[in-house]
Structures are given as C-alpha cells and as structure tokens.
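Colleague: Start counting the sequence shown at 0; every next residue gets the next number (numbering that gives the first Met the number 0).
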Amino acid sequence: MATKIEIRPWSPAWAVDFAIIADDLSKILGKSVRLEHIGSTAIAGLAAKPVIDVVVGVPTMDDVATATTILARNGFAPGIPAAAQEQTGFVSKPETSPAVNVHVVLFDGSTWRDLVNFRDRLREDPELAGSYEALKRELAAKCRDLNAYTRAKSAFVTSVINASDHDQLLRHQRAELRDAEGYRGLSIGSQLTLTLLAAASIWVDDGALLAVIGAFGFLSAASMLWFNHLYRSHRSAGEQVRRLLQIVYGLGWPVANTALVCSECRASTKKLSTLTLKDYFATRAANGQQKLAEMVEESAFFTGRLHEWSGSIMWLVTVVPALAVFVGWAVWGWRQTGDVQIVAVRVILTFSAFLLTSGATAAALSHRRAAAVMLEIRQRLLASRGKALGRGRVVQLMTDYNAAVESAPLPTPYLYKALAGGLNRAWAKYKKDSSLGQP
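Shown next, in the form of structure tokens:
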C-alpha cells in the first residue's frame, strides 16, 4: 500500500520539541549520555518530514544495547537500525506529533560523526541544503513508501558525509604539519642557543658562571632532542593523512575506517574548522586520474616554490656565518697570539661544528633536490596536457611527489605565510600560461 510522504516547511517549534524530548531522554538514560538534534528538522529553513531525529551517544558499545532496551521499556517502539559500520540501536514514537526517532550509537564513533557531520554540513552550506530539499520534494512525489524514499536519497547523504570526512582529513593534515613546522623552528632555535652558549663559555673563566652556562646548555640540548621528536611525530602523522587524501579525494577509491589513519593525530584542528578541500585545491574535476593529476600539479607548484626559497635561506644560514667567521679570522684572528688566538680558534671550531651538526648544508641540498623534482613532475604533466592519463602514470607521479617531499625537510617555518600572496598570484599566472601550452 502506498504511503504519502509529507514534506512540511521548516518550523522553529521543532527546536522546542527537541529540547523537551532531550530532557525526557536525559531523565530516562541519565546524564552520562550525549544528545544531538539531527536530521532535516535540525537545519533551520529546511523543509522536512515532521519527525524529530535524536542521536544518543553512549560511552561504550555495551551501552548501546542497554540504552535501547531501557528506551523500549519507557514507551519507545523498537525498530531496525540503519546499516552502519558499528552496532547501533533504534527506537521511535511514530504516533506522536511530531514523531520521534532515536538513534543510539557509540559517542564519537563513526556513526555519531556521520550523523552530526551531515547536519553540520547542511547548516554551513545553504546552497547544499537547498539541493537536498529539492531532492527530497522530488522523491516524496515519486516514491510510494518511506523505505523507497530513504533508499533514493541515500546516495546524496553518503556523498555529503564523504565530503565532510575528507575535509576533516585535510584539517588534520594541515594541523599536524603546522605543528611540525613550529617544532622544527623550536628545535633549530634550541640548537642555535646551545651553540651560542658553547661559544660564550670560551670567554668565561669564572667557575660558577660556567656551571650556569653548562646547565642552560644541557637544557638546550634536551629541548632540541624533544622538539625534534615532536617535529618528526607530527610530520609523520600529517604525511600519512596526505597520502590517504590523495587516494580517497583524488582517485575516489574507498578506504574503510579512514578515522584509524588519524588515530596518531594530536594537533588541534579548531583554528581550521572552516577549511575545506574545495578552498584548498583548485581542481573541480570528477574523482579519478585527472583530478589526482591536477592535485599533484598544484601541490608540486606550491611545494616546489617553497623548497626553492627554503634552500636559499638555508644556504644563507650556512654561507653567511661561515663568511663572517672567515673574514673575522682573516682580518683579526690570525694576527693574534697566545690565549686570544686560542680562543679565536675555539670560536671558529664551535661555529663550524654548529654548521655541520645543524644539517644546514644537507638541508639546503635536500630543499634544492625537492624543488628540482617538483619542477620535473610539472614538466611531465605539461607534456601530457590534452592526453589521456593512465592510472599507473598518475599514481607514479603521486608516488614521486610524496617521495621527494618526505625525503626533504619541511619548508622553512612560517615561510608560506610570508609568501602566500605572491605564490597565489604566481599560481594563477602559471595556470593561465600552462592552459596556453606554455611551460
């Protein structure tokens, strides 16, 4: 028998209805559960079926069945939960006005995140919400029952959830690499401090002061090691997420339990809450080889320029102090005798040790190599312009890009912030020139 599906204009009374229902659920289940208003009635301005959907987040998987049973004993009708990656419970009150659906899930599990993220994406994007409303009205007119209606709109819901997941992956990637960049700067600063303390100790002959310098030197060395550990940890997490994004967002290949990849992510994404892949990448191609190729090309352009600048900066870090020490020795040091000459030689050796152990020279060379590979990748892509790109060729370009980036240090801390405007203008010019067939 056909069932008419009613779509009503959004009503502010639905928010009041949720508050009353949430209060009742809290009294039944206790304060340990988390409650969120989800579904179309939770999105201001969106027409919807008059049904208040509530997601109940419980602390453990064992609590899912327990909470569902308790609700069933308190006037809710048990139902069959929607298919999900993890155990869920479902109860409802279909005869009330408005009707109530309660989804019992693990708090902050995959189902909780999917339900809440879908709501949030439609709240943030009125155009997307409008598309969803138009689809619902179309399906409500065509579908003969609620199950058919739900199945018909599932593809839209899944696409929005996937996009939200991918945006969150990007935020994790940028947050991890942002923190890695900061810790690298602190590590370099600690090493420079240690070098300056070592140089200063050469001029000091007071035992107490030397002890203080030694203590600060030890703290600087320990700080350098700790900051370097944090740098590598955050960088590793960020690079892992980047590789996953290339697969799921670029190629569109499904990867189960993408949240597991972020299990090592520790950096806060709070300041990146509005960052989306559509803002981050210029490509608007459909998932597949072409989209991944455009992502790699854009990444290679920006990364290549940053490594060029970073290489130049590291050369300055290496060459300028070396020249200063050499000139100082040539003008003054070699003329000295006795203790003064010994001290001068020790200062030279101290700074020479810093230049070698800081890895400045090796970093400069690595930055230059990475920039050269980025240029070569772009040239290969330009040579393929207008031709069909095979999956193997695109994956090879992606692999070459990742290998070059991961073998080099991160670009100089805070360099992108300083160059962002110029880089974006250069990218726009590059895209215009390359579309005309210019390298």
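All C-beta atoms in this analysis are idealised placements derived from N, C-alpha and C, irrespective of residue type, glycine included.
1) DSSP three-state label for Gln-378, please.
2) Rounded to the nearest angstrom, how far is the Cβ of Arg-173 from that of Leu-305, given a contact under 8 Å?
3) Measure the alpha-carbon distance for Ser-441 versus Arg-118 and round it to whole angstroms.
4) Could you tell me which of Gln-378, Gly-129, Leu-276 sits nearest to His-171, measuring between CA atoms?
5) Just the Cα atoms here: how many angstroms apart are Ser-31 and Ala-154?
6) Hey, quick one: how far does the beta strand (DSSP E) through Val-57 stretch, first residue to last?
7) Relative to the ligand PLP, is the shortest distance from any of its heavy atoms to the C-beta of Trp-202 smaller than 7 Å?
8) List, from N- to C-terminal side, the alpha helix (DSSP H) runs of 4 residues or more that fit wholly inside the region 280-330.
9) Roughly how many whole angstroms lie between the Cα atoms of Thr-282 and Asp-166?
10) Gly-87 and Thr-110: beta carbons closer than 8 Å?
11) Under the assumption that Arg-177 contacts Ala-41 (Cβ atoms under 8 Å), give the Cβ distance between them as a whole number of angstroms.
12) What first and last residue would you give for the beta strand (DSSP E) that runs through Ser-91?
13) Taking C-beta to C-beta, are Gln-288 and Arg-379 nearer than 8 Å?
14) On the three-pair Cβ rule with 8 Å, is the region 85-105 touching the region 55-64?
15) Determine, for Ala-220, whether the minimum Cβ-Cβ distance to residues of chain E falls below 8 Å.
16) Please list the terminal residues of the continuous beta strand (DSSP E) segment that includes Ala-139.
17) Using 8 Å as the threshold, is the region 178-195 in touch with the region 224-242, meaning 3 or more CB pairs across them?
18) Rank Pro-77, Met-373, Phe-17 by C-alpha distance to the C-alpha of Val-50 and give the top, closest one.
19) Compare the Cα-Cα distances from Leu-70 to each of Ile-27, Ile-37, Lys-416 and report the closest residue.
20) Secondary structure at Ala-370, three-state DSSP: helix, strand or coil?
21) To which residues does DSSP link His-102 through a beta bridge?
22) Whole angstroms is fine: what's the gap from Ala-140's alpha carbon to Lys-48's?
23) Report the rounded CA-to-CA distance for Ser-309 versus Val-372, giving the unit in angstroms.
24) Check whether the Cβ atoms of Leu-291 and Gln-245 sit closer than 8 Å, and answer yes or no.
25) Please identify the residue among Gly-38, Arg-7, Glu-175 whose C-alpha is closest to the C-alpha of Thr-268.
26) Exposed or buried, Arg-120, counting other C-beta atoms within 10 Å across all chains shown (16 or more means buried)?
27) Where does Ala-387 land, buried or exposed, given buried means 16+ other C-beta within 10 angstroms?
28) From the DSSP secondary-structure annotation, give me the bridge partner or partners of His-171.
29) Tell me the DSSP secondary structure of Leu-435 in three-state form.
30) If you compare alpha carbons, which of Ser-311, Glu-405, Ala-425, Pro-253 is closest to Ala-236?
31) Assuming contact is defined by CB atoms lying nearer than 8 Å, are Ile-6 and Lys-135 in contact in what I supplied?
32) Which residue's Cα is closest to the Cα of Gly-213: Ser-222, Leu-193, Ser-232?
33) Could you tell me the distance, in whole angstroms, from the CA atom of Leu-243 to the CA atom of Ile-201?
34) Do the CB positions of Met-294 and Gly-251 come within less than 8 Å of each other?
35) For Ala-76 versus Pro-93, is the C-beta distance shorter than 8 Å?
36) Pick helix, strand or coil for Arg-424, following the three-state DSSP scheme.
Modeller: Checking against the coordinates, here is how it stands:
1) Here residue 378 is taken as the residue at index 379 of the sequence shown, counted from 1. Residue state, collapsed to three classes: helix.
2) In the sequence shown, residue 173 corresponds to position 174, counting from 1. In the sequence shown, residue 305 corresponds to position 306, counting from 1. With a Cβ gap of about 14 Å, Arg-173 and Leu-305 do not count as contacting.
3) This structure gives no information on residue 441, because the portion of the chain shown stretches from 0 to 438.
4) Residue 171 sits at position 172 when you count from the first residue of the sequence shown. Here the closest residue by C-alpha is Leu-276.
5) Your numbering for residue 31 matches position 32 in the sequence shown. Your numbering for residue 154 matches position 155 in the sequence shown. The straight-line gap from Cα to Cα measures roughly 34 Å.
6) Start at 1 with the first residue of the sequence shown, and residue 57 comes out as number 58. Segment 50-57, the beta strand (DSSP E) holding Val-57.
7) The model depicted lacks the ligand PLP and carries no ligand whatsoever.
8) 288-330
9) As a working mapping, residue 282 is identified with position 283 in the sequence shown. As a working mapping, residue 166 is identified with position 167 in the sequence shown. Going from the Cα of Thr-282 to the Cα of Asp-166 covers about 15 Å.
10) The sequence position of residue 87 within the sequence shown is 88, counting from 1. The sequence position of residue 110 within the sequence shown is 111, counting from 1. It is Thr, not Gly, that sits at residue 87 in the sequence shown. Yes, they are a contact pair.
11) The sequence position of residue 177 within the sequence shown is 178, counting from 1. The sequence position of residue 41 within the sequence shown is 42, counting from 1. The pair is not a contact, with the Cβ atoms about 32 Å apart (cut-off 8 Å).
12) If you number the sequence shown from 1, residue 91 lands on position 92. Segment 88-92, the beta strand (DSSP E) holding Ser-91.
13) Looking up residue 288 in the sequence shown gives position 289. Looking up residue 379 in the sequence shown gives position 380. Result no, Cβ atoms of Gln-288 and Arg-379 do not sit closer than 8 Å.
14) yes
15) Judged by its chain identifiers, the structure shown contains no chain E, having just a single protein chain.
16) For the purposes of this step, residue 139 is taken as residue 140 along the sequence shown, with counting starting at 1. No beta strand (DSSP E) holds Ala-139; the alpha helix (DSSP H) holding it covers 125-141.
17) yes
18) Reading the sequence shown from its first residue, position 51 is the one you call residue 50. Nearest C-alpha to Val-50: Phe-17.
19) Stepping through the sequence shown from its first residue, residue 70 is reached at position 71. Considering only alpha carbons, the answer is Ile-27.
20) Along the sequence shown, read from residue 1 onward, the residue named residue 370 stands at position 371. Helix, per DSSP.
21) As a first step, residue 102 is located in the sequence shown; it is residue number 103 there, counting from the start. BP columns for His-102 point to Val-54, Phe-89.
22) Residue 140 sits at position 141 when you count from the first residue of the sequence shown. Residue 48 sits at position 49 when you count from the first residue of the sequence shown. Cα to Cα, the separation comes out at about 13 Å.
23) Numbered from 1 along the sequence shown, position 310 holds the residue referred to as residue 309. Numbered from 1 along the sequence shown, position 373 holds the residue referred to as residue 372. One C-alpha to the other measures close to 15 Å.
24) As a first step, residue 291 is located in the sequence shown; it is residue number 292 there, counting from the start. As a first step, residue 245 is located in the sequence shown; it is residue number 246 there, counting from the start. Result yes, Cβ atoms of Leu-291 and Gln-245 sit closer than 8 Å.
25) As a working note, residue 268 is residue 269 in the sequence shown. Checking every option, the nearest Cα to that of Thr-268 belongs to Glu-175.
26) The count along the sequence shown starts at 1 and reaches residue 120 at position 121. Buried, since its Cβ has 16 or more Cβ neighbours within 10 Å.
27) Start at 1 with the first residue of the sequence shown, and residue 387 comes out as number 388. Exposed, because fewer than 16 other Cβ atoms sit within 10 Å of the Cβ of Ala-387.
28) Here residue 171 corresponds to residue number 172 of the sequence shown, with the count starting at 1. In the DSSP output, where bridge partners are listed per residue, His-171 has none listed.
29) Taking the sequence shown and counting its residues from 1, one reaches residue 435 at position 436. Here the model assigns Leu-435 a pLDDT of 43, short of 50, so the residue's position is not dependable and the matter cannot be decided.
30) For the purposes of this step, residue 236 is taken as the residue at position 237 of the sequence shown. The shortest Cα separation from Ala-236 among Ser-311, Glu-405, Ala-425, Pro-253 belongs to Glu-405.
31) Mapped onto the sequence shown, residue 6 falls at position 7. Mapped onto the sequence shown, residue 135 falls at position 136. Yes, they are a contact pair.
32) Translated into positions along the sequence shown, residue 213 becomes position 214. That would be Leu-193, whose Cα lies nearest to the Cα of Gly-213.
33) Position 244 of the sequence shown, counted from the start, is the residue given in the question as residue 243. Position 202 of the sequence shown, counted from the start, is the residue given in the question as residue 201. Cα-Cα distance, rounded: 51 Å.
34) Start at 1 with the first residue of the sequence shown, and residue 294 comes out as number 295. Start at 1 with the first residue of the sequence shown, and residue 251 comes out as number 252. No; because the gap between Cβ atoms is not below 8 Å, this pair is not in contact.
35) Locating residue 76 in the sequence shown gives position 77, counting from the first residue. Locating residue 93 in the sequence shown gives position 94, counting from the first residue. Yes, the Cβ-Cβ distance between Ala-76 and Pro-93 is below 8 Å.
36) Numbered from 1 along the sequence shown, position 425 holds the residue referred to as residue 424. Of the three classes helix, strand and coil, the one that applies to Arg-424 here is helix, per DSSP.
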